[in-house]
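Inspection log for the structure reproduced underneath, given as structure tokens.
Residue numbers (the UniProt record's numbering): 1 to 78.
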């Protein structure tokens, strides 16, 4: 499966942007708070205008949408 960014209007994918990192959206059962924060930050809506809730576990956000230093701190302080 080709990794591609789920952020609205972002066209990044691993095939054409091989230098980017792709971070997987947290599991809704293991890390529900982090998942909700990411979804709120993405600001993607479903067809009814509600917060988007992806139906697949293969959802990625590319590194263009992160401040590298902040991700490192948040990732390693868990």
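We treat Cβ as the ideally placed atom computed from N, Cα and C, and that holds for glycine.
Neighbourhood of residue i by C-beta distance below 8 Å, restricted to the same chain and skipping five residues each side
i, result
"residue 45", "51 and 52"
"residue 66", "23"
Beta-carbon proximity check, residue i vs residue j, cutoff 9 Å
i, j, result
"residue 9", "residue 61", "no"
"residue 13", "residue 57", "no"
"residue 79", "residue 25", "A question about residue 79 goes unanswered here, because the residues of the chain that appear run from 1 up to 78."
"residue 5", "residue 54", "no"
Residues of its chain near residue i, where Cβ-Cβ distance is below 6 Å and the 5 sequence neighbours each way are ignored
i, result
"residue 36", "none"
"residue 42", "7"
Cβ shell of residue i (< 7 Å), same chain only, five flanking positions each side left out
i, result
"residue 34", "26"
"residue 2", "13, 14 and 15"
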